[in-house]
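Peer 1: Numbering (my numbering), first residue to last: 4 to 464.
All residues carry an ideal CB built from backbone N, CA and C; glycine is no exception.
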């Protein structure tokens, strides 16, 4: 009976956390799909350009996720241990350092947009169009970072509805201004790519404003006075860096590596890359379910370990790792069933682009149950357990020693079909990653208690 009750409690809690987070990310992905469809109407060059420029926005988001995941590792354990002062200190440190990084990103995007675009392509028209988008997107960077860090902290203390609300408002605002500014509707000027970037910046500002209101004006465990966010001792800063730095390096190294992938993909022709942009936007609609599951795992595992229940944290992790491939099978089937109905709704310029995107989705859907296991293990389990270093090593070794060399050799020195190139990109990276994750998980070395109660005190309370 206790086992049945425990199972019910587990699934009830997991669903209450995972579904709002998944729905939040689904909103963002739907907004991105609608944005992309509006840009598609401008042709393959615009679609390719926004896809390449979007890789720098993706890099910013990945770095933001590094700050978020590192700080959430600490906050979730502090939440389980009831250490509210340390929650605020962690949030303050994460927010200040991340905003500095976001400002530098914005400065880089605004000052050198064409040079950045040339990293991925040598096609002059694509470079010119993408540079316009990147220059105006620079104004969104600080707002994007603030929202990401604020939402991550709120999720770590189980306030999952706030990120959902802020994303809903932001997506609606973004879609409205995209419609107005890309095509020149409702009396607005027709700005095309410039309009798409401006709309994104406006949506990011609105989301940041909503998050600010909930964090600093609402009633949450994160709310405090200014001194509460900056009362860190040297020992606390050291702990934050020790836990957060590997995550930040992990996400940055992974993002740079995936951008190397894209540099190879972008040189396989405009039609192939345009198809990849459509496919990538489409698959994000389904990836959101795993984002929700991964975040739920991190919150539940971190809280239990913070409470001192190491065995409970391990058991919780096992359940999530078992659920991941099961859910992935159903999501993969759903992707296969919906790929053509959704692709047929998009204003893709050529039928060849649509068919390539459909083929890419078939390969991704079939590989999904394998691909998501390392994702849940590294981002959900190991980090929540307090081990942020091993995930970095696993990602680095599998990506840079296996994945990237495979894609570079196949992409530049063979005539391999494009869909097979993309599939082998995933397979070559994920197989060694999954093997290393499995070994580390069963060793239990990833379970590290971080609260003041379980280690030497961070500072006097």
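1. Taking the C-alpha atoms as reference points, what is the distance between residue 255 and residue 264?
2. Would residue 147 pass as a contact of residue 67 if the rule is Cβ separation under 8 Å?
3. Determine the burial state of residue 301: buried for a count of at least 16 other Cβ atoms within 10 Å of its Cβ, exposed for fewer.
4. Buried or exposed: residue 446, going by 16 or more other Cβ atoms within 10 Å of its Cβ?
5. Count the other CB atoms, across all protein chains shown, that sit within 10 Å of the CB of residue 99; report buried if there are 16 or more and exposed otherwise.
6. Which of the three DSSP states, helix, strand or coil, is assigned to residue 389?
7. Have a look at residue 74 and residue 314 and give me their C-alpha separation to the nearest angstrom.
8. So, with DSSP's three-state summary, where would you put residue 450?
9. Which residues bound the alpha helix (DSSP H) around residue 197?
10. So with Cβ pairs under 8 Å, would you call residue 97 a contact of chain B?
11. Short of 6 Å in beta carbon distance, which residues of its chain neighbour residue 21, apart from the five on each side in sequence? Order them along the chain.
12. Sort 204, 363, 262 by Cα distance to residue 343 and report the nearest one.
13. Taking only the alpha-carbon atoms, compute the straight-line gap between residue 203 and residue 136 and give it to the nearest angstrom.
14. Evaluate residue 139 with the Cβ neighbour count: other Cβ atoms within 10 Å of its Cβ, from every protein chain shown; 16 or more gives buried, anything less gives exposed.
15. On a Cα-Cα basis, can you pick out the residue from 303, 279, 239 that is closest to residue 366?
16. Cβ of residue 287 within 8 Å of Cβ of residue 32?
17. Just reading off the alpha helix (DSSP H) that residue 228 is part of, what are its end residues?
18. Shortest alpha-carbon distance to residue 216 belongs to which of 418, 384, 149?
19. Under the rule that 16 or more other beta-carbon atoms within 10 Å means buried, what is residue 230, buried or exposed?
20. Tell me which same chain residues have a C-beta within less than 8 Å of the C-beta of residue 164, skipping the five on either side of it?
21. Just tell me which of 59, 51, 11, 46 has its CA closest to the CA of residue 260.
22. What span of residues does the alpha helix (DSSP H) with residue 403 cover, start to end?
23. Excluding the 5 residues preceding and the 5 following residue 311 in the sequence, name in chain order all residues of the same chain whose CB lies nearer than 6 Å to its CB.
24. With three or more C-beta pairs closer than 8 Å as the rule, is the stretch 177-197 touching the stretch 154-169?
25. Going by DSSP, what residue range makes up the alpha helix (DSSP H) through residue 516?
26. Mind checking which residues open and close the alpha helix (DSSP H) that includes residue 271?
27. DSSP three-state label for residue 45, please.
28. Are the stretch 89-96 and the stretch 230-250 in contact at 8 Å, needing three or more beta carbon pairs?
29. Measuring straight from C-alpha to C-alpha, what distance separates residue 253 and residue 395?
30. Here's the rule I'm using: 16 or more other beta-carbon atoms within 10 Å means buried, otherwise exposed. How should residue 76 be labelled?
31. Express the C-alpha separation of residue 57 and residue 168 in angstroms, rounding to a whole number.
Peer 2: Once the coordinates are examined:
1. Locating residue 255 in the chain shown gives position 252, where the first residue counts as 1. Locating residue 264 in the chain shown gives position 261, where the first residue counts as 1. The straight-line gap from Cα to Cα measures roughly 14 Å.
2. Position 144 of the chain shown, counting from 1, holds the residue named residue 147. Position 64 of the chain shown, counting from 1, holds the residue named residue 67. Cβ atoms of residue 147 and residue 67: closer than 8 Å.
3. As a working mapping, residue 301 is identified with position 298 in the chain shown. Per the 10 Å Cβ criterion, buried.
4. To locate residue 446, count along the chain shown from 1; it is residue 443. Result: exposed.
5. The residue you call residue 99 lines up with position 96 of the chain shown. Result: exposed.
6. Here residue 389 refers to the residue found at position 386 when the chain shown is read from its first residue. Strand at residue 389.
7. Taking the first residue of the chain shown as position 1, residue 74 is located at position 71. Taking the first residue of the chain shown as position 1, residue 314 is located at position 311. In a straight line, the C-alpha of residue 74 is about 23 Å away from that of residue 314.
8. Residue numbering aside, residue 450 sits at position 447 when the chain shown is read from its first letter. If DSSP states are grouped into helix, strand and coil, residue 450 belongs with the strands.
9. In the chain shown, counting from the first residue as 1, residue 197 sits at position 194. Unbroken alpha helix (DSSP H) run through residue 197: 196-215.
10. The displayed structure is made up of one protein chain only, and chain B is not part of it.
11. In the chain shown, residue 21 corresponds to position 18, counting from 1. Cβ within range, chain order: 295, 296, 299.
12. The count along the chain shown starts at 1 and reaches residue 343 at position 340. Residue 363 is the option with its Cα nearest to residue 343.
13. Mapped onto the chain shown, residue 203 falls at position 200. Mapped onto the chain shown, residue 136 falls at position 133. So the alpha carbons of these two residues sit roughly 10 Å apart.
14. If you number the chain shown from 1, residue 139 lands on position 136. Residue 139 comes out buried.
15. As a position in the chain shown, residue 366 is number 363, starting the count at 1. It is 279 whose Cα lies nearest to the Cα of residue 366.
16. Locating residue 287 in the chain shown gives position 284, where the first residue counts as 1. Locating residue 32 in the chain shown gives position 29, where the first residue counts as 1. Cβ atoms of residue 287 and residue 32: closer than 8 Å.
17. One-based indexing of the chain shown puts residue 228 at position 225. Here residue 228 belongs to no alpha helix (DSSP H), and DSSP marks it neither H nor E.
18. As a working note, residue 216 is residue 213 in the chain shown. Out of 418, 384, 149, 149 has the C-alpha closest to the C-alpha of residue 216.
19. Translated into the one-based positions of the chain shown, residue 230 becomes position 227. Its Cβ having fewer than 16 others within 10 Å, residue 230 is exposed.
20. Along the chain shown, one-based indexing puts residue 164 at 161. 23, listed in sequence order.
21. On the chain shown, position 257 is the one that residue 260 refers to. Nearest C-alpha to residue 260: 59.
22. Walking along the chain shown from the start, residue 403 turns up at place 400. Unbroken run through residue 403: none, as it is neither H nor E.
23. As a working note, residue 311 is residue 308 in the chain shown. Nothing meets the Cβ criterion.
24. no
25. The requested residue 516 does not occur in the structure, where the chain is confined to residues 4 to 464.
26. One-based indexing of the chain shown puts residue 271 at position 268. Run containing residue 271: none; DSSP gives neither H nor E here.
27. Walking along the chain shown from the start, residue 45 turns up at place 42. In the structure shown, residue 45 sits in coil (DSSP, three-state: anything other than H, G, I, E or B).
28. yes
29. On the chain shown, residue 253 is found 250 positions in, with the first residue counted as 1. On the chain shown, residue 395 is found 392 positions in, with the first residue counted as 1. Spanning the two alpha carbons is a distance of roughly 5 Å.
30. Taking the chain shown and counting its residues from 1, the one referred to as residue 76 is at position 73. When all chains shown are included, residue 76 counts as buried.
31. Against the chain shown, residue 168 aligns to sequence position 165. Against the chain shown, residue 57 aligns to sequence position 54. Straight-line Cα distance between these residues: approximately 24 Å.
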